[in-house]
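S.K.: Numbering follows the working numbering, in which position 282 of the sequence shown is assigned residue number 266; successive positions increment by one, without gaps.
C-beta: ideal position from N, C-alpha, C; glycine also.
Have a look at this one before I ask anything.
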Amino acid sequence: MPARPVTPADDVLLWNGRAIALRQPFLIGRGTDNDLVLDDAEVSRRHAMIFHHGDDWWLSDLGSRNGVRVNGMNLKHARRLRDGDEVRLVSHKLAFRSGVAQARRTTAFSGETTRAAADGLHAAAPAALVCELIVVSTEGEILEGGKAAHWFFGKTLEGAAQQRLPQTVCAWLKRQNGGTAAPLELHEPDRRVIVTLGRCNQGRYFLLVREESAHVATGHLQSLGLTTREAEVMHWVCEGKTNSEIAMILNVTIHTVNRHLEHILKKLGVDNRQKAIVAVMERLGAG
């Protein structure tokens, strides 16, 4: 499919002197069916994915052999991209450019930066996601992403070799009409799995599947009086992450995490992390 002209308002990936407009999802790898093809034996066939969630673009390593680095750090979780982020896949250097951030810079020179634009960036999105790509046939046969499918759907997979999506997902897939159907939400006792159709190409459905903890989602935590960033920190506390790990995930200093945690403990009326987790579970009805 021919690429459309890039405009200043577009969110783009800069590579090799080119500005490439992002689409949902944007696939990077050695395979010729990727949106950005890197003809390099060190690059995996399906190496990484950039996907849109909330108001932001996120980057995820699709289980590549040689990994992905963002601003010099190994990518361990799907990570929200910020304007100017440098992405490295082996020896290939890419950069993310945000159209909104570019517009803010332009209008700032004339004093016209709008509060809506300033507040809109990263306002409600969580700090990290579990999101994977699964490619299936029109009948729900798993063509790519078998490991991810087993992670998300487990024993509900169909077929002798468990290589077909669960009946619920297959039924939803058949209702798709050019990708206009609402995402499918599967509710489990301790998590929620959301399936979204990224695109359909030559009889293959590219599905974005993400997981949200049912009890420690940031939106629920904000209902306890926590700010967006405090909710993000508390989410990872509930997931068992240390302060240093949280700092790495959120791309902030450990001092910042410690400060947020102090505010969280005060708001919850407790004096340590474990009591904070118990308080969250009790107040959200998860105890």
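For Ile233 and Lys225, which I take to be in contact (beta-carbon distance under 8 Å), what is that distance rounded to the nearest angstrom?
M.R.: The Cβ separation is near 7 Å, so the contact holds.
S.K.: Among Cys115, His36, Gln258, which residue has its Cα nearest to the Cα of Arg176?
M.R.: That would be Cys115, whose Cα lies nearest to the Cα of Arg176.
S.K.: How many Å lie between Leu127 and Gly138 at the Cα?
M.R.: Taking the straight line from one Cα to the other gives about 16 Å.
S.K.: Is it true that the CB of Tyr189 sits closer than 8 Å to the CB of Leu157?
M.R.: Yes, the pair counts as a contact, with Cβ atoms nearer than the cut-off.
S.K.: Is it buried or exposed, Pro(-8), if we count other Cβ atoms within 10 angstroms and call 16 or more buried?
M.R.: Pro(-8) should be labelled exposed.
S.K.: State the CB to CB distance for the pair Leu46 and His31, rounded to an integer number of angstroms; the pair is presumed to be in contact (CB under 8 Å).
M.R.: Going by Cβ atoms, the distance from Leu46 to His31 rounds to 6 Å, so yes, they are a contact pair.
S.K.: Mind checking which residues open and close the beta strand (DSSP E) that includes Thr180?
M.R.: Taken as a continuous stretch (DSSP letters only), the beta strand (DSSP E) holding Thr180 covers 175 to 185.
S.K.: Please work out which residues of its chain come closer than 8 Å, Cβ to Cβ, to Ser28, disregarding the five sequence neighbours upstream and downstream, and give them in chain order.
M.R.: So the qualifying residues of the chain are Gly13, Arg14, Leu46, Gly47, Ser48, Arg49, Asn50.
S.K.: Note the first and the last residue of the continuous alpha helix (DSSP H) segment covering His247.
M.R.: That run of the alpha helix (DSSP H) goes 238 to 252.
S.K.: Report the residue from Leu11, Ala85, Glu214, Ser82 whose alpha carbon sits nearest the alpha carbon of Phe35.
M.R.: The candidate whose alpha carbon is nearest that of Phe35 is Leu11.
S.K.: What's the C-alpha gap between Val264 and Asp255?
M.R.: Rounded to whole angstroms, Val264 to Asp255 spans 13 Å at the Cα level.
S.K.: So what does DSSP say about Gly13, is it helix, strand or coil?
M.R.: In the structure shown, Gly13 sits in a strand (DSSP, three-state: E or B).
S.K.: Looking only at C-alpha atoms, which of Arg53, Leu181, Leu22 sits nearest to Arg7?
M.R.: The residue with the shortest Cα to Cα distance from Arg7 is Leu181.
S.K.: Can you tell me where the alpha helix (DSSP H) with His219 in it begins and where it stops?
M.R.: Taken as a continuous stretch (DSSP letters only), the alpha helix (DSSP H) holding His219 covers 212 to 222.
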